[in-house]
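Numbering (the UniProt record's numbering), first residue to last: 1 to 664.
Below, the structure is given as structure tokens:
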């Protein structure tokens with residue numbers, strides 16, 4: 001039962017109340033037809049529940065009543081008078097058998113926790129079921145209860161979060177976003193009591209990114225948008241040696257809420273890409289960053305006010321040059337710490353790193369829960385600039401490393417197996433039992449076309465290509481440009497972004513990049529060429545090109561266009577996660593079958609720091625789950641897939657398709 005209203009409802013749905021009297025129609029939401037909760041006013045004069053309007057605006061761009069054009073950013077909280085009128089509506093206690101009291105709606109939660117005998121009985125029974133051998137212990141907090149201030153909400157409208165004790169709000173992601181089902185927050189039977197001891201927390205941060213060249217790309221890949229099941233814009237990857245990596249504060253999994261003061265939490269994927277690609281010397285970003293699970297009773301670190309975040313860049317003359325840093329783990333605290341700087345080494349000569357510094361990230365790779373081996377791997381594979389973000393607390397001496405604590409010297413030439421590139425188990429491409437309809441959403445679809453042309457034997461096709469099954473994401477071959485010379489430009493039917501299926505009957509879909517180049521060149525010598533290609537079409541705005549106009553950006557297809565690709569062109573890979581009995585898997589998912597939307601794929605929305613999914617480093621935000629332990633996910637609802645994941649006690653195999661995020 002919900003700890004606020006005392007009734008049973010999905011965690012992310014509106015609370016339910018038993019009102020004593022009939023409520024005036026002026027105070028009714030015309031989406032859910034219930035008395036308003038967190039009322040929001042539209043510019044056209046209508047009022048809806050916050051959650052109802054937010055969910056509606058993810059699908060449509062007009063007011064539900066008069067169908068006038070509307071965006072969520074234009075709406076605002078109702079007046080204090082209206083909110084007070086709603087809070088004073090009289091409701092009945094939901095525990096009718098034990099309690100017949102009536103109170104104002106705003107008083108119900110306090111009544112349940114402090115005065116209601118029915119709710120007290122419910123909590124006692126719940127505790128006995130969870131811990132039948134315990135007697136006489138104090139009742140635990142009800143399931144779903146949090147230590148979050150009531151005002152600390154995370155509407156996906158992206159408003160700033162303000163906590164009472166700090167500038168960064170700490171919130172529970174388990175209750176924040178509509179459509180978010182979080183296996184990371186749901187414990188197994190043995191670990192259910194952990195929900196009372198830990199909280200999944202996040203905080204908003206405003207970040208300034210400075211660029212010497214106003215048109216230089218930021219160097220990160222994004223997924224999501226209101227036109228996808230993900231909803232929010234999420235950072236999938238931070239590229240090495242990029243502007244964002246050098247800054248060091250943005251990490252994969254961060255949700256981008258605002259760009260230069262513009263709320264992008266409720267915009268389409270293409271709109272978000274346009275905002276983030278806008279040139280300028282300074283970019284202001286508001287991001288929501290997950291901090292993992294933390295103790296609910298833990299006090300704020302008394303020394304945190306004295307800590308300083310420092311950015312240090314070391315430049316190697318060549319890839320093999322060592323930095324001369326010894327890194328260790330501490331037994332009592334997660335993360336990596338600098339044990340020593342080797343005399344005469346690059347780091348010692350630079351002078352900005354110190355013993356006891358905690359390494360937060362290297363080249364944009366989040367190492368807050370990392371290992372020395374992973375850090376050494378990043379350093380060894382970096383060609384030139386190594387960007388450190390470190391946390392320094394003056395006066396703290398690092399204890400001697402424990403006997404079983406591992407250390408890593410970045411001057412070593414050997415690479416660590418735990419920090420290297422992820423090795424995926426390759427699956428066959430023709431997995432019929434994982435196939436799904438490619439046009440699962442309204443946004444994009446694919447259209448196959450055959451182009452037959454006559455040409456001179458020495459005439460070039462005039463195209464450049466990308467992708468290949470040797471690519472990191474195992475992409476099919478696609479056209480990156482059509483040059484103004486060559487027969488395909490003259491013909492006009494092959495376009496940038498088209499996926500090439502075959503040339504003169506030779507299948508291109510399973511080739512690596514160099515094999516595809518060779519096949520295209522050899523067949524281009526013929527008098528006639530027949531190309532089969534797949535064009536990705538935007539169904540919502542056919543007049544808007546899928547490749548948003550770049551301003552100094554190297555071209556690649558947008559993440560959202562890959563979602564329209566037929567499933568027989570997907571490359572499925574198995575990711576095996578392992579965990580302890582009391583751990584959660586550490587990721588949340590969205591999507592699945594819904595009555596109103598039909599079958600939608602399951603996507604990874606968040607990966608929680610410090611969890612098995614985070615430590616494994618193979619799973620990424622935006623990945624599509626097509627099977628769990630070999631059982632296809634197509635046709636399942638959230639309510640069916642989540643129990644399947646929870647039943648896997650110590651090991652689970654996720655079959656996923658991973659598309660590269662849009663580069664900004």
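Glycine included, every Cβ here is placed at the ideal spot set by N, Cα and C.
Drop a sphere of 10 angstroms on the beta-carbon of residue 255, count the other beta-carbons inside from all chains shown, and report buried for 16 or more, exposed for fewer. buried
Is residue 274 helix, strand or coil by DSSP? helix
Chain-order list of residues whose beta-carbon lies under 7 angstroms from that of residue 502 (same chain, five-residue window excluded): 508, 532
Complete beta strand (DSSP E) runs within the UniProt domain "PDZ" (574-660) (minimum length 3 residues, chain order): 587-591, 602-607, 624-628, 651-657
Are the CB atoms of residue 220 and residue 234 within a distance shorter than 8 angstroms? Going by C-beta atoms, residue 234 is not nearer than 8 angstroms to residue 220.
Three-state secondary structure (DSSP) of residue 54: helix
If you run the structure through DSSP and keep just helix, strand and coil, what is residue 23? coil
Taking residue 522 as part of the alpha helix (DSSP H), name the residues at either end of that continuous run. 513-523
Own chain, CB closer than 8 angstroms to residue 103, minus 5 neighbours either side, in chain order: 90, 91, 93, 111
DSSP three-state call for residue 49: helix, strand or coil? Residue 49 carries a strand assignment under DSSP once its states are collapsed to helix, strand and coil.
Could you have a look at residue 367 and say whether DSSP puts it in helix, strand or coil? Here residue 367 sits in coil by DSSP.
For the alpha helix (DSSP H) that contains residue 387, what are its first and last residues? Per DSSP, residue 387 belongs to no alpha helix (DSSP H); it is in the beta strand (DSSP E), 385-392.
Using the rule of at least 16 other Cβ atoms within 10 Å of the residue's Cβ for burial, across every protein chain shown, is residue 9 buried or exposed? exposed
Looking at the structure shown, is residue 80 part of a helix, part of a strand, or coil, going by DSSP? Looking at residue 80 - three-state DSSP - the assignment turns out to be helix.
Considering only the beta carbon of each residue, do residue 389 and residue 261 sit closer than 8 angstroms? no
3-residue-minimum beta strand (DSSP E) runs that sit fully inside the UniProt domain "PDZ" (206-291), ordered along the chain: 220-224, 233-238, 255-259
Excluding five sequence neighbours on each side, which residues of the same chain lie with their C-beta closer than 7 angstroms to the C-beta of residue 236? Taking residue 236 as the centre and dropping the five residues before and after it, the same chain places the C-beta of 221, 222, 223, 252, 620, 621, 622, 661 closer than 7 angstroms to its C-beta, in chain order.
Beta carbon of residue 52, beta carbon of residue 75: below 8 angstroms? no
Close beta carbons around residue 246, own chain, < 6 angstroms, minus the five adjacent residues each side: 387
When the Cα atoms are used, what is the spatial distance from residue 628 to residue 584? For residue 628 and residue 584, the distance between alpha carbons rounds to 16 angstroms.
Reduced DSSP secondary structure (H/G/I, E/B, other) of residue 60: coil
Rounded separation between residue 474 and residue 625 - CA only: 16 angstroms
Does residue 10 come out as helix, strand or coil in the three-state DSSP assignment? In this structure, residue 10 counts as coil in the three-state DSSP scheme.
Using 10 angstroms around the beta-carbon of residue 329, count the other beta-carbons present and answer buried if the total reaches 16, otherwise exposed. buried
Is the Cβ-Cβ distance between residue 243 and residue 285 less than 8 angstroms? No. Outside cutoff.
Spell out a yes or no on whether the region 447-455 and the region 486-506 are touching, meaning 3 or more CB-CB pairs, one atom from each, closer than 8 angstroms. yes
Suppose the cutoff is 6 angstroms on Cβ atoms and the five residues either side in sequence are ignored; what does the same chain contact list for residue 361 look like? Residues of the same chain with a CB within less than 6 angstroms of the CB of residue 361, apart from the 5 flanking positions on each side, are 248, 367, 389 in chain order.
Buried or exposed, going by whether 16 or more other CB atoms sit within 10 Å of the CB of residue 675? Lying before the first or after the last residue shown, residue 675 is absent from the chain, which here runs from 1 to 664.
Provide the residue span of the alpha helix (DSSP H) that contains residue 337, from first to last. Note, residue 337: premise wrong, no alpha helix (DSSP H); beta strand (DSSP E) at 336-341.
Residue 314 burial status per 10 Å Cβ neighbour count (16 or more: buried): buried
Thinking C-beta only, is residue 274 closer than 8 angstroms to residue 232? no
Count the C-beta pairs between the region 649-659 and the region 566-576 that are closer than 8 angstroms, then say yes if the count reaches three, no if not. yes
Could you check where the alpha helix (DSSP H) with residue 108 kicks off and where it finishes? 108-114
Might you give, ordered along the chain, the residues of its own chain that have their beta carbon closer than 7 angstroms to the beta carbon of residue 480, omitting 5 neighbours on each side? 464, 465, 466, 496, 555
Residue 636, buried or exposed, once every other Cβ within 10 Å from all chains shown has been counted against 16: buried
Between which two residues does the beta strand (DSSP E) containing residue 510 stretch? No beta strand (DSSP E) holds residue 510; DSSP gives it neither H nor E.
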